[in-house]
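Only one structure is covered here, and it is reproduced in the block below.
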Amino acid sequence: ASLLPLWPWLQVTDAKFDAGSGLWTVESAGGSKVQGRVLIIADGATSKLATKLGYCTQPPKGVCSRAFVEGGTHNTNFDGVCFYPKWSLPGYAAIFRHPNDELNYCYYLIPCGKDGYCGDVKESDLAR
């Protein structure tokens, strides 16, 4: 986790909450410490810090992958399109145009099928 854009150099390794003061103390790999009233952990579904603190206790229930195509390098003239392949339902694939003409291609595998599976993929295949 990093504290962007305020401290892009700070690689967070731990965070502790002091109930008495109501403050979080965030520790970095380099030994720096920062305190704050609010801790936002926003480094994704497989967050190492959120897992370490016990907030993420289960494997992911779905998977998303994305790829970007640089603006001006394609001949696409639509704003967005979704594909719903039968084998992937309820998941889907999509292409969305960003304001800078960049394309975002994404695929979402959403839980379905037998209990404990995401489509035909076992939860254990997606372990943290």
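Letter by letter, the sequence shown follows residues 1054 to 1181 in our numbering. Positions of the beta carbon are idealized from the N, C-alpha and C atoms, including for glycine.
Check: Candidates Pro1143, Asp1132, Lys1105, Asn1153: which alpha carbon is nearest Gly1125's?; Outcome: Asn1153
Check: Tell me where the alpha helix (DSSP H) around Leu1102 begins and ends.; Outcome: 1101-1105
Check: Are the CB atoms of Tyr1161 and Tyr1145 within a distance shorter than 8 Å?; Outcome: yes
Check: Using 8 Å as the Cβ pair cut-off and three pairs as the minimum, do the stretch 1102-1120 and the stretch 1060-1077 touch?; Outcome: yes
Check: Out of Ala1095, Leu1142, Asp1071, which has the shortest C-alpha to C-alpha gap to Gly1115?; Outcome: Leu1142
Check: From Glu1080, Arg1119, Arg1090, pick the residue whose C-alpha is nearest to that of Gly1073; which is it?; Outcome: Arg1090
Check: Would you identify the three-state DSSP class for Cys1114, choosing helix, strand or coil?; Outcome: Just to set this straight, residue 1114 is Lys in the shown sequence, not Cys. Reduced to three states, the DSSP call for Lys1114 is coil.
Check: Out of Glu1155, Ser1081, Thr1110, which one is the CA nearest neighbour of His1127?; Outcome: Glu1155
Check: Tell me where the beta strand (DSSP E) around Asn1157 begins and ends.; Outcome: 1156-1162
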